[in-house]
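In the numbering used here, the protein residues as written are 410 to 585.
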Ligand SMILES: CC(C)(COP(=O)(O)OP(=O)(O)OC[C@H]1O[C@@H](n2cnc3c(N)ncnc32)[C@H](O)[C@@H]1OP(=O)(O)O)[C@@H](O)C(=O)NCCC(=O)NCCS
């Protein structure tokens, strides 16, 4: 069982999305076309809503949650979220990148093509500007991404769309 109703609300998942075995998706969660939610993620839309845009990926073991009537979580299109990330009550705009093992806290915004490095902690209300790379705990601006960096990050997200199709075709557990 992967998709769970909460308080009468069932997750809405695009037919082309890939939800890997072991992922748990609860309540007011919307997942867009060709998005992928990898093995053992938890997306808990109980006290606010969670949306995941088209072609975005949330990698293995990540947790996405919200804060009661205050902070929903919006993950826009073509976003990459690395393994074991903690995404809480924040907005990640299109082509945003969250490195593996990172934490994004309430009220944060990662603007388009913004990047949070692996192992970072973005503290409440911080904003990563367009094309900025932040790193560390607490995270600080490290540098501005080059055009090559941005292209590499975008290619990473696009690669996950293809990888998800392969997993979807070969995983043994039924979807839904
Ligand atoms: C931040 C990152 C992009 C490297 O950036 P970079 O500018 O190429 O950094 P470099 O490797 O040249 O290192 C420069 C300095 O930053 C430090 N640094 C590198 N990565 C860091 C990180 N994640 N957090 C904190 N400091 C980091 C290095 O130790 C080095 O410090 P020094 O100058 O004191 O020796 C990379 O570490 C990263 O986080 N990539 C994300 C990978 C990922 O999560 N993928 C998702 C799964 S697919």
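Yeah, the Cβ is synthetic: ideal placement off N, Cα and C, and Gly gets one too.
Spell out the partners DSSP gives residue i in its beta bridges.
i: residue 541; result: 553
i: residue 489; result: 466 and 506
i: residue 453; result: 435
i: residue 460; result: 439 and 483
Pull up the distance between the alpha-carbon of residue i and that of residue j, whole angstroms please.
i: residue 526; j: residue 513; result: 11 Å
i: residue 502; j: residue 434; result: 21 Å
i: residue 572; j: residue 468; result: 12 Å
i: residue 456; j: residue 549; result: 30 Å
i: residue 543; j: residue 535; result: 10 Å
i: residue 577; j: residue 449; result: 15 Å
i: residue 545; j: residue 454; result: 28 Å
i: residue 554; j: residue 475; result: 29 Å
Let me know the secondary structure DSSP gives residue i once reduced to three states.
i: residue 473; result: strand
i: residue 412; result: strand
i: residue 570; result: helix
i: residue 497; result: strand
i: residue 444; result: coil
i: residue 562; result: helix
i: residue 578; result: helix
i: residue 478; result: coil
Buried or exposed, going by whether 16 or more other CB atoms sit within 10 Å of the CB of residue i?
i: residue 420; result: buried
i: residue 412; result: buried
i: residue 404; result: With the chain covering 410 to 585 only, the question about residue 404 has no answer from this structure.
i: residue 575; result: exposed
i: residue 482; result: buried
Stretch-stretch touch, CB-based, cutoff 8 Å, three pairs: the stretch 424–443 with the stretch 550–559: no
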